[in-house]
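Undergrad: Here's a structure for you.
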Amino acid sequence: MKKIHRIILFLILLVFTLFSSIMSFESFAQEKELEFLSLEQAQKEAIENSSVLKEDMRNLKSLEDDYSQIRRQEKRVKNYMDKDDYDASLEDYKYKSGDKTKEVDMRIKSSKIKLKKDEEQIKLDVLLAYQNVLLKQKELEIEKENIEYQKNLLDIKKVKNRLGKISLNEFEKAENDYNNLVLNLNTTKQELENSYIKLNLLRGVYLEERPILSEDTINTFSLDIVLNQEEAFKKALESRHDILSLKDNIEFSKMDIENISIKYPSNTYKYKEKERALNDAKEKYEDKKNEIKKEIESAYSELLLSKLKNDNIKASLDMMKKDLEKKNIFYNYGRISKIELENSKIEILKKELEYISNTFEYERLLKKYILSYTFGD
8 MKKIHRIILF LILLVFTLFS SIMSFESFAQ EKELEFLSLE QAQKEAIENS
58 SVLKEDMRNL KSLEDDYSQI RRQEKRVKNY MDKDDYDASL EDYKYKSGDK
108 TKEVDMRIKS SKIKLKKDEE QIKLDVLLAY QNVLLKQKEL EIEKENIEYQ
158 KNLLDIKKVK NRLGKISLNE FEKAENDYNN LVLNLNTTKQ ELENSYIKLN
208 LLRGVYLEER PILSEDTINT FSLDIVLNQE EAFKKALESR HDILSLKDNI
258 EFSKMDIENI SIKYPSNTYK YKEKERALND AKEKYEDKKN EIKKEIESAY
308 SELLLSKLKN DNIKASLDMM KKDLEKKNIF YNYGRISKIE LENSKIEILK
358 KELEYISNTF EYERLLKKYI LSYTFGD
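Going letter by letter, the sequence shown gives residues 8 to 384 in the numbering used here.
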């Protein structure tokens, strides 16, 4: 009997422990859900957990290790060639001249630029994901307001239909419109979930996290901070990873020609092969220059158009708000219905969403333009 009591007591304790664990987990989950997340923190997490940046770091470390080995090999080759350089290869001459060390040093610098470029791209990707969550939240808020407004409108039309003041078709159309809004609300909820998941994937955290975001943490910039197209193009040729890599290839080809000319005259196949490689490198460099110029022009044009569009939306929004102030007065004096007033409020909410959406787009285009002349795509 005592044994049965012990078993029952054990089972009660086990159930209580499991229940406590579940409650603790739910409490933890709620705390995680309500946790505030700034854009800067989200970008920091994404950078820390990025597999791309980790690969960049491994490549950089490998090049730095190569540099140390090449320095040691350089000394050995110089000692060997000082005695006899008859059987020396092109690589041996590159070691002797110090070009091999110079080549790896240039690759290290290029790798560091790529690392920074990939980091900036991750920040831009997180910005886009962060903004998308905020936009979907705002869209959800407006749709809920609109559904409430349409429900009131539907109730009125239902009464009018019973009284014979409107046709059944008109009432059914209003009912269908309302049902479609409810369906759209569910779609927007799912889109919000998807936006959160994308943000969490970039951050490298649990997909279930639903932190509180705020557009106040997004730094806004002005066109005044960016370079004009001519200055941007010059800056791009000095800063972008892709063009600098091609420029390095030209230098590598020149070094090859200098070293091979020690053993092979300019009319030999081996010399001409290196000469063709140099011309090919120069051609690719010029092609990339033209490509970058067009890219900068396109990015700047998009930026200006977005700014103009945003100014127009803002002006329209301000006019709508002034018009709403008048309608509030008219409503107080009974000159317009509550439905008409509520409809104006809904339209303002929609215009505000459009303004926020375009403001976010402008911010992304501005950062994209800056990236076009600093690190590149």
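Each residue gets a CB set at the ideal place from its N, CA and C atoms; glycine is no exception.
Give the DSSP-derived three-state secondary structure of F259 in the structure shown.
TA: helix
Undergrad: For F228, which residues does DSSP report across the bridge?
TA: The partner list for F228 (beta bridge, DSSP) is empty, contrary to what the question assumes.
Undergrad: For K51, which of helix, strand or coil comes out of DSSP?
TA: helix
Undergrad: Identify which residue in E200, N183 and D112 has its Cα closest to the Cα of L142.
TA: Closest in alpha carbon position to L142, among E200, N183 and D112, is E200.
Undergrad: What is the DSSP secondary structure of F43, reduced to helix, strand or coil?
TA: Looking at F43 - three-state DSSP - the assignment turns out to be strand.
Undergrad: What's the C-alpha gap between K205 and N139?
TA: 10 Å
Undergrad: With a cut-off of 8 Å, do at least 3 Cβ pairs link the segment 370–384 to the segment 290–309?
TA: With a cut-off of 8 Å, the segment 290–309 and the segment 370–384 count as touching, because enough Cβ pairs lie within range.
Undergrad: Is it the case that the Cβ atoms of L46 and T224 are separated by a distance below 7 Å?
TA: Pairing L46 with T224 gives a Cβ-Cβ distance under 7 Å.
Undergrad: Whole angstroms are fine: how far does the CA of D263 sit from the CA of F77?
TA: Inspection of the sequence shows that residue 77 is occupied by Ile rather than by Phe. Cα to Cα, the separation comes out at about 17 Å.
Undergrad: To the nearest angstrom, report how far apart E150 and L192 are at their CA atoms.
TA: If I take the Cα positions, the gap works out to 6 Å.
Undergrad: Taking the straight line between their C-alpha atoms, what separation do you get for E237 and D132?
TA: 27 Å
Undergrad: Taking the continuous alpha helix (DSSP H) assigned at S364, which residues delimit it?
TA: For S364, the enclosing alpha helix (DSSP H) starts and ends at K345 to T381.
Undergrad: Along the alpha helix (DSSP H) that carries V133, what are the first and last residues, could you check?
TA: D106 to R169
Undergrad: Quick check on DSSP: helix, strand or coil for I219?
TA: strand
Undergrad: Suppose you measure from the CA of S323 to the CA of L356; what does that come to, to the nearest Å?
TA: 12 Å
Undergrad: Using the rule of at least 16 other Cβ atoms within 10 Å of the residue's Cβ for burial, across every protein chain shown, is R217 buried or exposed?
TA: buried
Undergrad: Within the segment 172–217, note down every full alpha helix (DSSP H) run reaching 4 residues or more, in order along the chain.
TA: 175–210
Undergrad: Tell me, to the nearest whole angstrom, how far the beta carbon of K334 is from that of L315; I am working on the premise that it is less than 8 Å.
TA: Not confirmed; about 29 Å, so no contact.
Undergrad: Any contact of the segment 247–264 with the segment 111–118, i.e. 3+ C-beta pairs under 8 Å?
TA: yes
Undergrad: Helix, strand or coil for N269 per DSSP?
TA: It is worth fixing the name first, because residue 269 is Ile in this sequence and not Asn. For I269, the secondary structure class from DSSP, reduced to helix, strand or coil, is coil.
Undergrad: Give the range of the alpha helix (DSSP H) segment to which L311 is assigned.
TA: It spans Y276 to N339 - the alpha helix (DSSP H) in which L311 sits, taken as one unbroken run.
Undergrad: Alpha carbon to alpha carbon, how far is K187 from I163?
TA: Residue identity differs from the one stated: residue 187 is Asn in this sequence, not Lys. Rounded to the nearest whole angstrom, the CA to CA distance from N187 to I163 is 18 Å.
Undergrad: Can you grab the Cα-Cα spacing for the pair A49 / E215, in whole Å?
TA: 15 Å
Undergrad: Go ahead and pull the three-state DSSP assignment for Q37.
TA: Because Q37 sits at a pLDDT of 49, beneath the cut-off of 50, its placement in the model cannot be relied upon, and the following sentence gives the value as read from the coordinates. In the structure shown, Q37 sits in a helix (DSSP, three-state: H, G or I).
Undergrad: Applying the criterion that 16 or more other CB atoms from any shown protein chain within 10 Å of the CB defines a buried residue, is Y340 buried or exposed?
TA: exposed
Undergrad: Return the first residue and the last residue of the alpha helix (DSSP H) that S57 is part of.
TA: Careful: S57 lies outside any alpha helix (DSSP H) and carries neither H nor E.
Undergrad: Measure the alpha-carbon distance for E81 versus K123 and round it to whole angstroms.
TA: 30 Å
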